[in-house]
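Enquirer:
2 protein chains.
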Amino acid sequence: MYEMQFGVPMSGAVLNNINTRLDARTVSVLLHHSGSKLVLVDPASLQLPEDALRLLPPEHSAPRVVVADDPHEKELLPAPATALTYERLLEKGDPDFAWVRPANEWEPMILNYTSGTTSAPKGVLHCHRGIFLITLDSLVDWGMPARPTYLWTLPMFHVNGWSFPWGMAVVGGTNVCLRRVDAADVYAAISRHGVTHLCGAPVVLNMLANAPEAVRKTLPGNVEILTGGAPPPAAVLHRTEAIGFKVRHGYGLCETAGLATSCVWNAEWDKLPATERARFKARQGVRTPATAEVDVVDEKTGRSMPRDGSTVGEVVIRGGCVMLGYFNDEAATGAAIGDGWFYTGDVGVMHPDGYLEIRDRSKDVIISGGENISSVEVESVLYGHPAENEAAVVARPDEFWGETPCAFVSLKWGNGRGELTEAELVAWSRERMPRYMVPKTVVFRDELPKTSTGKIQKYVLRNIAKEMGPTSRGVSSKM
Amino acid sequence: MYEMQFGVPMSGAVLNNINTRLDARTVSVLLHHSGSKLVLVDPASLQLPEDALRLLPPEHSAPRVVVADDPHEKELLPAPATALTYERLLEKGDPDFAWVRPANEWEPMILNYTSGTTSAPKGVLHCHRGIFLITLDSLVDWGMPARPTYLWTLPMFHVNGWSFPWGMAVVGGTNVCLRRVDAADVYAAISRHGVTHLCGAPVVLNMLANAPEAVRKTLPGNVEILTGGAPPPAAVLHRTEAIGFKVRHGYGLCETAGLATSCVWNAEWDKLPATERARFKARQGVRTPATAEVDVVDEKTGRSMPRDGSTVGEVVIRGGCVMLGYFNDEAATGAAIGDGWFYTGDVGVMHPDGYLEIRDRSKDVIISGGENISSVEVESVLYGHPAENEAAVVARPDEFWGETPCAFVSLKWGNGRGELTEAELVAWSRERMPRYMVPKTVVFRDELPKTSTGKIQKYVLRNIAKEMGPTSRGVSSKM
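Going down the list, the sequences are from chains A and B. Numbering follows the UniProt record's numbering, with no gaps: position 108 of the first sequence is 108. Numbering follows the UniProt record's numbering, with no gaps: position 234 of the second sequence is 234.
#1: Would you identify the three-state DSSP class for A:G313, choosing helix, strand or coil?
#2: In the DSSP assignment, the alpha helix (DSSP H) including A:S429 goes from what residue to what residue?
#3: Report, in whole angstroms, the separation of the C-beta atoms of A:G252 and A:A292, which I expect to be a contact under 8 Å.
#4: Using beta carbons (cut-off 9 Å, strictly below), is B:P233 in contact with chain A?
#5: Short of 6 Å in beta carbon distance, which residues of its chain neighbour B:I358, apart from the five on each side in sequence? Order them along the chain.
#6: What residues match up with B:R318 in a beta bridge as DSSP calls it?
#7: Tell me, which residues are paired with B:T471 by DSSP?
#8: Beta carbon of B:V100, beta carbon of B:G12: below 9 Å?
#9: Could you list which residues in chain A have their beta carbon closer than 8 Å to that of B:A146, in chain order?
#10: Check the DSSP bridge columns for A:T301 and list the partner residues they point to.
#11: Three or more beta-carbon pairs under 8 Å between the region 67-86 of chain A and the region 39-51 of chain A, yes or no?
#12: For the region 279-296 of chain B, list every residue whose C-beta sits within 9 Å of some C-beta in chain A, in sequence order.
#13: Comparing the C-beta of B:G172 with each C-beta of chain A, is any distance below 9 Å?
#14: State the DSSP-derived secondary structure class of A:V223, mapped to helix, strand or coil.
#15: Would you kindly work out how many angstroms separate the C-alpha atoms of A:T421 and A:R430, rounded to a whole number?
#16: Would you tell me roughly how many angstroms separate the C-alpha atoms of B:N372 and B:E424, rounded to the nearest one?
#17: Can you tell me which of the three DSSP states A:I243 falls into?
#18: Identify the residues that DSSP records as bridge partners of B:H249: which are they?
#19: Mapping the DSSP letters down to three states, classify B:F97 as helix, strand or coil.
#20: Which whole-angstrom value is the C-beta distance of residue 482 of chain A and A:G258, which I expect to be below 8 Å?
#21: Kindly say whether A:F245, judged by its beta-carbon, lies nearer than 9 Å to any beta-carbon of chain B.
#22: Which complete alpha helix (DSSP H) runs does the region 129-194 of chain A hold, if anything under 4 residues is left out?
#23: Tell me whether A:D270 sits in a helix, a strand or coil according to DSSP, three-state version.
#24: Just the Cα atoms here: how many angstroms apart are B:L38 and B:N112?
#25: For the alpha helix (DSSP H) containing B:P49, list its first residue and its last residue.
#26: What residue does the alpha helix (DSSP H) around A:L76 start on, and which one ends it?
#27: Check the Cβ-Cβ distances between A:D137 and every residue of chain B, and say whether any is below 9 Å.
#28: State buried or exposed for B:T471, treating a residue as buried only when at least 16 other CB atoms are found within 10 Å of its CB.
#29: Near residue 489 of chain A, what residues of its chain come up, given a Cβ to Cβ distance below 8 Å and the 5 sequence neighbours on each side ignored?
#30: Look up A:D364 in the DSSP assignment and say whether it is helix, strand or coil.
#31: Should A:F132 be flagged as near chain B, meaning a C-beta pair shorter than 9 Å?
#32: Which two residues bound the contiguous alpha helix (DSSP H) that contains A:E91?
#33: Please identify, using Cβ separations under 9 Å, the residues of the region 191-208 of chain A that lie next to chain B, in order along the chain.
#34: Whole-angstrom Cβ separation of A:L154 and A:G200, contact assumed at under 8 Å?
#35: Using a 10 Å radius around the Cβ and a threshold of 16 neighbouring Cβ atoms, would you call B:F327 buried or exposed?
#36: Would you tell me roughly how many angstroms separate the C-alpha atoms of A:G351 and B:T85, rounded to the nearest one?
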């Protein structure tokens, strides 16, 4: 897969990394929408394209499937003898084949379907210029030294691994890949290979922070984690740093091909107490060097909101990393980047010091009695509870308030269901947040539904909350 | 001056940094050629523009002169009360003035007159896009961490300090400036401010390596030096690293706005003996990430030379950092970048591993009996002599051979003239290089003529060698 990030564009084709945990129906929709002609697949996922191809409409001539055998993985069956494998394909290749350079820097290079928190995927198209810019930008932003050892905890199919496939090639990095991202394998890989850098959503930090003592290993040196994809709860940041990881935090979207803002650290914050420091680090930060502008605006008028740290508006971005548009979807493209700015659909505030803080996805905001409640803010408080593993807050219909916050919660190792009650968590929350923000419903779950990149699928939870029916005034209901 | 690297382009003007050690006549030529409208000057150099303005042709309406007082420099007289100072100009400014953004990224941003080794300056024009690219590129290439402390040993008027004025702003660096670049001040600044990075031509390395014990200070930590501008002699690299500096080497020209190649280190070379290591580090290296291509070609046909480490050709460069062209000089622009490649005028070889090694400036090659002699190669051997401080080798006319190598040599502290004779140095050289490369003439000098950026002015030495008259066959002549 790493080689494909180079080989596919160099052959003149457009690269479309597909999430291996999608269902066959969705994969068939993506293959058809992109007009796919060739599918490269790992033997562990071979069933997925086979099922997906059968679901293609008859007019779509089936793409060729190439299986990339993995000689390092003993548990996998090798590809069938009749299959075209990646190695056999390479053997048939022409060693003198000249790299197909793009005719100009605006030619498309990669296509990524947005996945995860919404159920309507759109094909985000980026050009060579954009990928070149984001690659250098992310290296400079992270202060990447020469020859790092990079661990792939962030899947390459997620926004092309935030540009680091190309970035690692630029700085001569060593790529360490994992088949399974679990705490034991991650700690073992860090220790065995002397990993210096890795990326991951807050859920990865949470996994490392809550790992049982038995699988934790002493870090071999300075290990930097870049987190993003969701606002990291202060408690998770704090626990991860206590283990010795150095955590950076940035913000970007599929549409910006990687980080567009970065929470650049201010040395003065070192003097603050740990929880305060984590609160600052949870901010999305300032524009990266190659991002032209970031602002928080009124989504209707496009006017800048006051930089007061409290007036919410839509986050907008301008710069070389913004996508060409959504593939074959002019309406969606026009809606997102109509006036030269990319409207992210994220809701945030701008602090007086110019640091952006995301409050929520527009659709995740809970509107209760006319008050906007940031689900992220409520979750952030819930993460501070010592028994809590993960929390997600969504809107549940309410006959009186319109919506009320409904919390889905999983607890840590050793804390079985029943050790914490709904009433106890609600009481605990009342001491820590305004009354209107306190969840009216708490649902305990062993695990929360997630995308393969570790984002909690709020639309799934929102559907569950909707099916629970409206809460009555002041009365909570249990599942 | 640092503020000007930002303020001038942001006001919509083109920035032209002028070497303060030029003579008034040359400065007046540059001011006139560039159509200068405003001159900002340090009080220490006030006489220079005053004299230059008097030499302007009558049709050129004199540019306004603004004096930037230096409150930290007690030895300088303040600007006359009637003068417009930089601070007074700022006071008259409009705090709401909106940054004049370029209409497009190809608009000119900086103009630098090539100076130094030739006597015919040309105005190298770079656009915003090029400067943006070289700035990120040089940070990535050096693996620049956040918040470095950068010492300005390389003047900002020399190719805009190889892009580091802007680079330091990107990474939140601290800029340490010096009025005088001598060994004592440099060591003192490194120690006092905890300098982490600096740039300088090999002459700066030589100065630091040969500094008397009394002015040397223990380095406060890891101090990295980026050298370029001339091939660093192995012996100088070796001595500088022995003191504890970590030396990187790269290659670029005014026309590429900074480094276009970088001698990226191969860990296997660590196993080699010190002199071998220095020989590898003296190579100009491989293209930087944002440089598209570097090649060594036949200067007439443009065809690539074999990558054998011995076939010389002209070094050519293609990429985003190449200049727009020479200002108001279409003929020179066409000659330099006619076919999409920039012809550097440097002569080099490409090694089988893809590393470029510059052998000489075209005009510095000595042609003796039909053999091309690289002056740099001869100098490199001479620098290995323990008594030698600096060496420069140029062509001297010869009745039989056409040209022969003529060495200008200065000796180290404590080695007065006369302690090493011409015959001794020639004999020493014969043991270390092919006979045809051995200098037929050796001239001892207290100091070699240099440009303000530390480049030895070979054209001055070439003129001296020419005036010495031709050598007769086999007979050397003394000055």
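The beta carbon of each residue, even a glycine, is placed where N, CA and C say it ideally should be. Note that the structure is predicted; figures quoted are calculated from it, not measured.
Expert: Inspection of the coordinates gives the following:
#1: strand
#2: Taken as a continuous stretch (DSSP letters only), the alpha helix (DSSP H) holding A:S429 covers E422 to R430.
#3: Actually they are not in contact, since the Cβ atoms of A:G252 and A:A292 sit about 14 Å apart, beyond 8 Å.
#4: no
#5: P231, Q284, D346 and G348
#6: B:E293
#7: B:D398
#8: yes
#9: G143, V264 and W265
#10: A:T301 is not bridged to any residue.
#11: yes
#12: P289 and A290
#13: yes
#14: coil
#15: 14 Å
#16: 25 Å
#17: helix
#18: B:T227
#19: coil
#20: Because chain A in this structure spans residues 1 to 479, residue 482 of chain A falls outside the shown range and cannot be described.
#21: no
#22: 159-162, 164-170 and 183-193
#23: helix
#24: 16 Å
#25: Q47 to R54
#26: Run containing A:L76: none; DSSP gives neither H nor E here.
#27: Yes - at least one Cβ of chain B is within 9 Å of the one on A:D137.
#28: buried
#29: Examination of residue 489 of chain A is not possible in this model, given that chain A is present from 1 through 479 alone.
#30: Under the three-state reduction of DSSP output, A:D364 falls in the helix class.
#31: Interface residue, yes.
#32: Y86 to E91
#33: For the region 191-208 of chain A, the set of positions with a beta-carbon nearer than 9 Å to some beta-carbon of chain B is empty.
#34: 5 Å
#35: buried
#36: Residue identity differs from the one stated: residue 351 of chain A is His in this sequence, not Gly. So the two alpha carbons sit approximately 36 Å from each other.
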